[in-house]
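Beneath this line is the structure, given in structure tokens, with notes to follow.
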Amino acid sequence: MKLFTTCAIALSLALAAPALAQPPQPKPGPEHDVLKKMEGNWDLTMKCNGMESKGSVAYKMDLGGLWLCGALECELFGTKFTGKSLDSYDAAKKKYVGVWADSMSTSPMVMEGTFDAATKTLTMTGDGAGPDGKPTKHKAVSVMPDDDTINFSMFMGDAKEPMFTIVYKRKK
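Structure below.
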């Protein structure tokens, strides 16, 4: 009887082992290569409401190469402005996803979108706080004409003109 019980337990464990195995870790795919091209240190020029600000941003691929983490610093309207970004490609949604948080709001902006390889354009849409603090639709467009330039425009609501623009130039 002991032999039968031992064999039954061993067989049960052998059959259950695949179900208990950890799922394979995700690996960066070709969609992550779009984000990886942004990795590095950049100078930026931001234009907003007729004012121009200079600053910098550092991007680094992290978390197994699945997420692009950004840290931005500049002066905006005479005060220090900092922001953090976290961007990736969600294979389940088949969309790029991102979160932005900064020193001017307690609400994060959550976005998702697509990349058009022909125009080298990443377009993200989502919700975030507007200047009045109320939830507002946003659209972010990043055009990457070459490996050392990103032209970024942020639109609010249904606006045809951007709320602000940023030109990023890779530091040499």
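The numbering of the sequence shown is this note's numbering, which starts it at 254 and goes up by one.
Backbone N, C-alpha and C define an ideal beta-carbon position, used for all residues, glycine too.
Taken in chain order, the whole beta strand (DSSP E) runs of length 3 or more contained in the region 347-400 are 348-355, 362-369, 374-382 and 388-399.
In the three-state reduction of the DSSP assignment, D411 falls in the coil class, being assigned neither a helical nor a strand state. By a beta-carbon distance limit of 8 Å, C322 does not contact M299. Their separation comes to about 20 Å. Setting aside the 5 residues that flank it on each side, V396 is surrounded in the same chain by T374 and N404, each with a C-beta closer than 6 Å to its C-beta; the list follows chain order.
In its chain, beyond the 5 residues on either side, W320, C322, G351 and V352 have a beta carbon closer than 7 Å to the beta carbon of L339. When beta bridges are read from the DSSP output, D315 appears opposite W320. K289: member of the alpha helix (DSSP H) spanning P283 to K289, first to last residue.
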